[in-house]
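J.: Numbering (our numbering) for the sequence shown: 119 to 271. Backbone N, C-alpha and C fix where the C-beta goes; we use that ideal spot for every residue, glycine too. Got a structure for you, written out below as structure tokens; questions coming shortly.
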Amino acid sequence: MGIQIINLADRMEYYETVCQWIWKQWASDKPIENVRYAVSHNSQTDRVPMTFVALEGEEAVGTVSFWMNDLSFRQDLSPWLACLYVSEEHRGKGIPRELQNRVIEEAKKLGYNELYLITTHDDYYERSGWDFIERAPKPSGDFTKIYRKDLTI
């Protein structure tokens, strides 16, 4: 059974699962209502922001978002791939690459020539064709890394 990538706006029955993943992974220090509000407004079908869900059969196994900005210090960079997450039991199956490809496809369709992301991971995105740009400070005082993907090649 293959992986299907769908737009969350078309299948809102996966909304709560996506909210739980994002909250646990990146925002558990905030009320989950904040994440629910953001996800509900980041689920467009024809413009940024969008949220996608990876399905194996009818089971949600991962998510990714496509935002105008994911780093308040860098308003000059846009758009962004954000919140890439795959459930632990489904890792190692190439699902992150499929989720990335869906955002890349949508970005190209909307006329963008580049895409950005932030991460604390080492060496993962380089293997997927992303170029490291710089380290950037986070509000917490530590650092994150900014990557860029050229969509014209």
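Note the first and the last residue of the continuous beta strand (DSSP E) segment covering Glu232.
T.: As a working note, residue 232 is residue 114 in the sequence shown. First-last of the beta strand (DSSP E) with Glu232: 232 to 237.
J.: DSSP three-state call for Gln143: helix, strand or coil?
T.: Numbered from its first residue, the sequence shown carries residue 143 at position 25. Helix.
J.: Report, in whole angstroms, the separation of the C-beta atoms of Ala127 and Thr163, which I expect to be a contact under 8 Å.
T.: By 1-based counting over the sequence shown, the position of residue 127 is 9. By 1-based counting over the sequence shown, the position of residue 163 is 45. With a Cβ gap of about 5 Å, Ala127 and Thr163 count as contacting.
J.: Threshold first: 3 residues or longer. Then list the beta strand (DSSP E) segments lying entirely within the region 145 to 228, N to C.
T.: Listed in chain order, they are 168 to 174, 177 to 185, 198 to 204.
J.: Please confirm whether Lys267 and Glu232 have their CB atoms less than 8 Å apart.
T.: As a first step, residue 267 must be located in the sequence shown, where it is residue number 149. As a first step, residue 232 must be located in the sequence shown, where it is residue number 114. Going by C-beta atoms, Lys267 is nearer than 8 Å to Glu232.
J.: Locate the beta strand (DSSP E) running through Asp260, then write down its first and last residues.
T.: Within the sequence shown, the letter at position 142 stands for residue 260. Neither: Asp260 is in no beta strand (DSSP E) and is coded neither H nor E.
J.: On the criterion of 16 or more Cβ atoms from any shown chain inside 10 Å, does Ile271 qualify as buried, or is it exposed?
T.: Numbered from its first residue, the sequence shown carries residue 271 at position 153. Flag for Ile271 reads exposed.
J.: Could you tell me the distance, in whole angstroms, from the CA atom of Tyr243 to the CA atom of Gln218?
T.: Start at 1 with the first residue of the sequence shown, and residue 243 comes out as number 125. Start at 1 with the first residue of the sequence shown, and residue 218 comes out as number 100. If I take the Cα positions, the gap works out to 10 Å.
J.: Flag this pair as yes or no: are the beta carbons of Cys137 and Ile124 separated by less than 8 Å?
T.: Taking the first residue of the sequence shown as 1, we reach residue 137 at position 19. Taking the first residue of the sequence shown as 1, we reach residue 124 at position 6. No, these two residues do not count as a Cβ contact at 8 Å.
J.: Kindly give me the distance between the Cβ atoms of Leu195 and Tyr234, rounded to whole angstroms, as I take these residues to be in contact under 8 Å.
T.: Taking the sequence shown and counting its residues from 1, the one referred to as residue 195 is at position 77. Taking the sequence shown and counting its residues from 1, the one referred to as residue 234 is at position 116. Contact flag correct, Cβ pair sits at about 5 Å.
J.: Please identify the residue among Pro257, Ala145, Ser158 whose C-alpha is closest to the C-alpha of Arg129.
T.: Numbered from 1 along the sequence shown, position 11 holds the residue referred to as residue 129. Arg129 has its Cα closest to that of Ser158, out of Pro257, Ala145, Ser158.
J.: Is it a yes or a no for the region 250 to 266 touching the region 203 to 212, going by three-plus beta-carbon pairs under 8 Å?
T.: Counting Cβ pairs under 8 Å, fewer than three are found: no touch.
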